[in-house]
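J.: Taking UniProt numbering, I'd label the letters of the sequence shown as residues 1 to 264.
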Amino acid sequence: MDNQGFDSELRTYYNDVKTQIKNEHSEYIKKHPELREILNDFLSTVMLEKPQDVYEYAQQYFSYFNIEKDKILLKPIIISGPSGAGKGTLINMIVQQHSDKFQKSISYTSRKPQRGETHGVEYYFVSREEFEKEIAKNSFLEFCVYQGEYYGTHKGKLESIIQSCKIAILEIDVQGAKKVHKEHPEWNYLFLNAPSLEELEKRMKARGSQLTELQIDERLKIAIKEIDESKKLGFYQNLVNDDLEECVEQFIKIQKTKYNDIKW
1 MDNQGFDSEL
11 RTYYNDVKTQ
21 IKNEHSEYIK
31 KHPELREILN
41 DFLSTVMLEK
51 PQDVYEYAQQ
61 YFSYFNIEKD
71 KILLKPIIIS
81 GPSGAGKGTL
91 INMIVQQHSD
101 KFQKSISYTS
111 RKPQRGETHG
121 VEYYFVSREE
131 FEKEIAKNSF
141 LEFCVYQGEY
151 YGTHKGKLES
161 IIQSCKIAIL
171 EIDVQGAKKV
181 HKEHPEWNYL
191 FLNAPSLEEL
201 EKRMKARGSQ
211 LTELQIDERL
221 KIAIKEIDES
231 KKLGFYQNLV
241 NDDLEECVEQ
251 FIKIQKTKYN
261 DIKW
């Protein structure tokens, strides 16, 4: 056999092997469609967060899929409540005092950052186009539109908190919590409220020029609806924020009954 014939047979052989491997891979992907979803979620998260060290980021991200049983037991906490209840302040103090156990899940938004806000601190600020692409990929645990802008909880960010062996705290409104509860009824849901509507109004007015009288009236109407709906839903545990320090203590007491395997 001349060299040309040998090369032709060799190419045919390698092409056959290549085709066989390609078919095997295709069959495997058909049997495991979750693989495509996992890789797409990872790529989407990388493009949104743009880490400097992609290798290190990938190692941390994919270690989530090899988490131990105790990590799986660290069910996230959903905190809802009306404007003025002090959700953000409470969460920040909890994370500050118990950083070894809790971490705030930072939401994504399509709005522009306000003065003093930093990407990755208050929110992950992305363009409207990027946000809508992530919606199409089913990358969000939940999302909503508020005053014409998107806000949502990205699954990839939540997963990274879980893989770090911490309890994720998510600040989500009642409508978003309803959606999450349908998929994750086993998670912990907390409704934070002020002692009274009068106190809510007082706190809103204390924000100074940030809110107009019309905006305050509108938020009070929304607050009444949220409070009523939270009672009807039946899956919330209630917590009143009358004194912040006492509220943090009550929060920890509640969580000690929920997470028995954690060393407090």
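Glycine included, C-beta positions come from ideal geometry on N, C-alpha and C.
Owing to the predicted nature of the structure, the values given are computational and were not obtained by experimental measurement.
For S105 versus I169, is the C-beta distance shorter than 8 Å?
T.: Position 105 of the sequence shown, counting from 1, holds the residue named residue 105. Position 169 of the sequence shown, counting from 1, holds the residue named residue 169. Yes.
J.: Buried or exposed: which applies to G148, given that a residue is buried once 16 or more other Cβ atoms fall within 10 Å of its Cβ?
T.: Taking the first residue of the sequence shown as 1, we reach residue 148 at position 148. G148 should be labelled exposed.
J.: Write down the C-beta distance between Y108 and G156 rounded to the nearest angstrom, noting that I regard them as a contact closer than 8 Å.
T.: Your numbering for residue 108 matches position 108 in the sequence shown. Your numbering for residue 156 matches position 156 in the sequence shown. With a Cβ gap of about 10 Å, Y108 and G156 do not count as contacting.
J.: In the structure shown, what three-state DSSP assignment does I77 receive?
T.: For the purposes of this step, residue 77 is taken as residue 77 along the sequence shown, with counting starting at 1. DSSP places I77 in strand when its eight states are reduced to three.
J.: Am I right that L220 and L197 are in contact with their C-beta atoms under 8 Å? What's the rounded C-beta distance?
T.: Along the sequence shown, one-based indexing puts residue 220 at 220. Along the sequence shown, one-based indexing puts residue 197 at 197. Confirmed, about 7 Å.
J.: Note down the Cα distance separating K178 from D16, rounded to an integer number of angstroms.
T.: As a first step, residue 178 is located in the sequence shown; it is residue number 178 there, counting from the start. As a first step, residue 16 is located in the sequence shown; it is residue number 16 there, counting from the start. Roughly 53 Å between the two C-alpha positions.
J.: Give the DSSP-derived three-state secondary structure of I252 in the structure shown.
T.: Here the question's residue 252 lines up with position 252 in the sequence shown. Looking at I252 - three-state DSSP - the assignment turns out to be helix.
J.: Decide yes or no for the touch test of the segment 75 to 91 against the segment 9 to 24: beta carbon pairs closer than 8 Å, at least 3 of them.
T.: The segment 75 to 91 is not in contact with the segment 9 to 24.
J.: In the DSSP output, what is E122 paired with across the bridge?
T.: In the sequence shown, residue 122 corresponds to position 122, counting from 1. E122 pairs with nothing; no bridge assigned.
J.: Identify every run of the alpha helix (DSSP H) within the segment 99 to 178, keeping only runs that are complete inside it and at least 4 residues long; order them along the chain.
T.: 128 to 136, 155 to 163, all fully within the segment 99 to 178.
J.: Got a sec, what are the start and stop residues for the beta strand (DSSP E) Y189 sits in?
T.: Taking the sequence shown and counting its residues from 1, one reaches residue 189 at position 189. Taken as a continuous stretch (DSSP letters only), the beta strand (DSSP E) holding Y189 covers 188 to 193.
J.: Can you tell me where the alpha helix (DSSP H) with L90 in it begins and where it stops?
T.: Translated into the one-based positions of the sequence shown, residue 90 becomes position 90. First-last of the alpha helix (DSSP H) with L90: 87 to 97.
J.: Q59 to Q215, Cα distance in whole Å?
T.: The residue labelled residue 59 in the question sits at position 59 within the sequence shown. The residue labelled residue 215 in the question sits at position 215 within the sequence shown. About 46 Å.
J.: From this set, F251, K258, W264, which residue's C-alpha is nearest L90's C-alpha?
T.: Translated into the one-based positions of the sequence shown, residue 90 becomes position 90. Ranking the options by Cα distance to L90, first place goes to F251.
J.: For the alpha helix (DSSP H) holding N238, just list the boundary residues, first then last.
T.: If you number the sequence shown from 1, residue 238 lands on position 238. That residue, N238, is in no alpha helix (DSSP H); its beta strand (DSSP E) goes 237 to 240.
J.: Rounded to whole angstroms, what's the CA-CA distance from F131 to Q163? Just pull it up for me.
T.: Taking the sequence shown and counting its residues from 1, one reaches residue 131 at position 131. Taking the sequence shown and counting its residues from 1, one reaches residue 163 at position 163. Straight-line Cα distance between these residues: approximately 24 Å.
J.: Just reading off the alpha helix (DSSP H) that L211 is part of, what are its end residues?
T.: Residue 211 sits at position 211 when you count from the first residue of the sequence shown. Run containing L211: none; DSSP gives neither H nor E here.
J.: Mind reading off the beta-carbon distance from Y55 to V46? Whole number of angstroms is fine, and I expect it under 8 Å.
T.: Along the sequence shown, read from residue 1 onward, the residue named residue 55 stands at position 55. Along the sequence shown, read from residue 1 onward, the residue named residue 46 stands at position 46. At roughly 11 Å, the Cβ-Cβ gap does not stay under 8 Å, so Y55 and V46 are not in contact.
J.: Going straight from the alpha carbon of V174 to that of E49, what length do you get?
T.: Here the question's residue 174 lines up with position 174 in the sequence shown. Here the question's residue 49 lines up with position 49 in the sequence shown. Taking the straight line joining both Cα atoms gives about 27 Å.
J.: Helix, strand or coil for N260, going by three-state DSSP, please let me know.
T.: Residue numbering aside, residue 260 sits at position 260 when the sequence shown is read from its first letter. DSSP places N260 in coil when its eight states are reduced to three.
J.: Cutting at 8 Å between CB atoms, please list the residues of its own chain near L158, excluding the five before and the five after it.
T.: Along the sequence shown, one-based indexing puts residue 158 at 158. So the qualifying residues of the chain are P76, S105, L141, A168, L170.
J.: Can you name the start and end residues of the alpha helix (DSSP H) that S44 belongs to?
T.: Mapped onto the sequence shown, residue 44 falls at position 44. Residues 34 to 49.
J.: If I follow the unbroken alpha helix (DSSP H) through Q59, where does it start and stop?
T.: By one-based count along the sequence shown, residue 59 stands at place 59. From DSSP, the alpha helix (DSSP H) with Q59 extends over 54 to 62.
J.: To the nearest angstrom, report how far apart Y61 and F235 are at their CA atoms.
T.: As a first step, residue 61 is located in the sequence shown; it is residue number 61 there, counting from the start. As a first step, residue 235 is located in the sequence shown; it is residue number 235 there, counting from the start. Distance between the alpha carbons of Y61 and F235 is about 31 Å.
J.: How would you call A136, buried or exposed, if buried means at least 16 neighbouring beta carbons within 10 angstroms?
T.: Position 136 of the sequence shown, counted from the start, is the residue given in the question as residue 136. Its Cβ having fewer than 16 others within 10 Å, A136 is exposed.
J.: Excluding the five sequence neighbours on either side, which residues of its own chain have a C-beta within less than 8 Å of the C-beta of H98, listed in chain order?
T.: Numbered from its first residue, the sequence shown carries residue 98 at position 98. Result list for H98: I252, in chain order.
J.: Within a Cβ cutoff of 8 Å, which residues of the same chain sit near W187, ignoring the five residues on either side of it in sequence?
T.: Position 187 of the sequence shown, counting from 1, holds the residue named residue 187. Within the same chain, W187 has close Cβ partners K75, P76, I77, I78, V180, H181.
J.: Is it buried or exposed for G86, if we count other Cβ within 10 angstroms and need 16 for buried?
T.: Here residue 86 is taken as the residue at index 86 of the sequence shown, counted from 1. With 16 or more other Cβ atoms within 10 Å, it is buried.
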